[in-house]
Ligand SMILES: [Zn+2]
Ligand SMILES: [Zn+2]
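Residue numbers (my numbering): 268 to 504.
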């Protein structure tokens, strides 16, 4: 059964539609009506590491990523960060709705199953301890933990840590984002990921500065990093 393990968690949290937040049947993440409102990411003709559109060609890396040279091999993302998904992810992250992690976890597992990607362990984008105290939960870690459970691989929740208190990336202009996140991460007992393929989980990928900085921090310990986010955003400011 595909969602067997996640459904054990559903005993603690109700199955909720990630769009309208009404109850849905077990094993679903969106109700029938709302599923049409979700824009899924199709990786065809997209850059391998940022999922921006590229013209039909054999070169699957865009010019921006060639220059930035991310230390992960590819980005997998489930849905476009807009409309109902955007407000739902914002509620999950900022309006104390940790229950929504069940639906987003199901979406994540389905996307990864469909992709057929292989990984040995899961890690998640950390929050600074002050931010974690304020929010009460790490929205990416809740999803990452469920992915690890579903695929029966370890979840190292304390491997990647955030050592610098940064401003919220989405509130910053493009040029400020790189500086804001630089040197923000460190690793704990990285020998756990030696030679392993790791799935690095975050909620949203927009400019990718956070993902690239986190991957750069892990890269000395493994060169097999796959980036994964629930949503792919487009820079608006
Ligand atoms: Zn719905
Ligand atoms: Zn790219």
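Glycine is no exception: its CB is placed at the ideal position from the N, C-alpha and C atoms. Note that the structure is predicted; figures quoted are calculated from it, not measured.
Three-way DSSP call (helix, strand, coil) for residue i in this model
i	result
residue 394	coil
residue 494	strand
residue 297	coil
residue 313	strand
residue 210	No statement about residue 210 is possible, as the shown extent of the chain runs from 268 to 504 and does not include it.
residue 424	coil
residue 465	strand
residue 499	strand
residue 414	helix
residue 429	strand
residue 457	helix
residue 471	strand
residue 368	helix
residue 287	coil
Between the CA atoms of residue j and residue i - distance to the nearest angstrom
i	j	result
residue 328	residue 480	18 Å
residue 352	residue 382	21 Å
residue 370	residue 419	19 Å
residue 270	residue 354	Confidence at residue 270 is low in this model, with a pLDDT of 44, below 50, so its placement is unreliable and the value that follows should be read with caution. For residue 270 and residue 354, the distance between alpha carbons rounds to 25 Å.
residue 483	residue 491	12 Å
residue 282	residue 368	10 Å
residue 457	residue 430	15 Å
residue 472	residue 498	6 Å
residue 308	residue 338	22 Å
residue 465	residue 341	12 Å
residue 443	residue 436	8 Å
residue 455	residue 306	37 Å
residue 397	residue 432	8 Å
Residue range of the alpha helix (DSSP H) that includes residue i
i	result
residue 440	Note, residue 440: premise wrong, no alpha helix (DSSP H); not H, not E.
residue 332	330-335
residue 479	476-485
residue 352	350-361
First and last residue of the uninterrupted beta strand (DSSP E) at residue i
i	result
residue 347	341-347
residue 308	Unbroken run through residue 308: none, as it is neither H nor E.
residue 386	Taken as a continuous stretch (DSSP letters only), residue 386 belongs to no beta strand (DSSP E), as it is neither H nor E.
residue 454	452-454
For ligand 1, enumerate in chain order all residues having a CB closer than 5 Å to any of its heavy atoms.
-> Matched residues: 284, 286, 287, 298 and 301.
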